[in-house]
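Student: Residue numbers for the sequence shown, in our numbering: 423 to 599.
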Amino acid sequence: MTHNSPKPPSRTRRALALAKLGLAAAALYAVPTLMQLDQAQASGGGGGGGFGGGSGAVEVAQDPTAAKECGDCHIAYGPRYLPDGSWSQMINNLSDHFGEDASLDKQTTQQIASYYTANAGGRGTGALRITDTRWFVGAHRGEVSFGRTSPAKCEQCHNIPGQKQQGGGSGFGNWFG
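Structure representation (structure tokens):
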């Protein structure tokens with residue numbers, strides 16, 4: 423028994439062909455673009471709270487003194503990552519900076535404190551660790567396992583101005599082996 427389905431009208435076939443062509447064109451455009459994204463960008467990194475603008479880039483300190491003094495030990499994080507009270511509390515307690523003595527002379531400390539508090543991501547106090555802030559946790563939820571290294575090592579996944587990206591420069595860091 424042969425069952426012949428009637429052919430769809432010419433207009434329907436044309437619409438279906440155009441839809442397939444459109445999907446193919448979209449895939450041809452999207453695949454190379456997506457392959458260029460690093461892990462942080464592909465997952466919307468940097469979008470948490472608008473700090474990185476969705477680019478996957480990490481904001482760093484623009485003040486030369488802060489960039490040098492903070493950057494000698496770790497990434498010189500941009501001031502918008504914490505509110506002014508948190509920066510003030512942290513900078514005024516550099517003798518116990520997360521278990522390390524990062525003391526600076528009074529003038530340098532005041533200059534760095536002024537820069538960070540004037541350009542902070544809000545007023546008041548909050549978390550002292552950027553990785554404990556609500557926006558950080560929200561922006562990185564379910565993305566990576568922090569069991570292998572510190573979540574404070576932004577360069578593992580993000581591009582950081584003036585810093586060499588780790589993980590072979592692939593953009594995927596060392597999270598995945």
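Every residue gets a Cβ at the ideal spot worked out from N, C-alpha and C, and that includes glycine. Model, not experiment: these values are computed from the prediction.
When you compare only the Cα positions, how much space is there between D374 and Y503?
Tutor: This structure leaves residue 374 out entirely; the chain is present only between 423 and 599.
Student: Which class does E396 belong to by DSSP, given the choice of helix, strand or coil?
Tutor: Here the chain has residues from 423 to 599 only, and residue 396 is not among them.
Student: Whole angstroms is fine: what's the gap from S536's alpha carbon to R563's?
Tutor: If I take the Cα positions, the gap works out to 32 Å.
Student: Just to confirm, is the Cβ distance from P505 to G560 under 7 Å?
Tutor: Not closer than 7 Å, so no.
Student: Should P431 go down as buried or exposed, given a rule of 16 or more other Cβ atoms within 10 Å for buried?
Tutor: That one is exposed.
Student: By how many angstroms is the C-alpha of H580 removed from the C-alpha of F520?
Tutor: Distance between the alpha carbons of F520 and H580 is about 23 Å.
Student: For L550 and W509, what's the separation of their Cα atoms in angstroms?
Tutor: So the alpha carbons of these two residues sit roughly 7 Å apart.
Student: Determine the extent of the alpha helix (DSSP H) in which T487 is found, giving its start and end residues.
Tutor: 486-493 is the extent of the alpha helix (DSSP H) around T487.
Student: Looking only at its own chain, which residues have a Cβ that is under 6 Å from the Cβ of N374, when we skip the five neighbours before and after it?
Tutor: Residue 374 is absent from the structure shown; the chain starts at 423 and stops at 599.
Student: Closest by CA to G493, which one among G548, A524, D518?
Tutor: Checked all of G548, A524, D518; the closest Cα to G493 is A524.
Student: Which two residues bound the contiguous alpha helix (DSSP H) that contains Y499?
Tutor: Per DSSP, Y499 belongs to no alpha helix (DSSP H) and is neither H nor E.
Student: Is the beta carbon of T487 closer than 7 Å to that of Q532?
Tutor: No. Outside cutoff.
Student: Please work out which residues of its chain come closer than 6 Å, Cβ to Cβ, to R436, disregarding the five sequence neighbours upstream and downstream, and give them in chain order.
Tutor: Cβ within range, chain order: n/a, list empty.
Student: Looking only at its chain, what residues have a beta carbon closer than 7 Å to the beta carbon of T547, apart from the 5 residues adjacent to it on each side?
Tutor: Around T547: P505, G507, S508, Q511.
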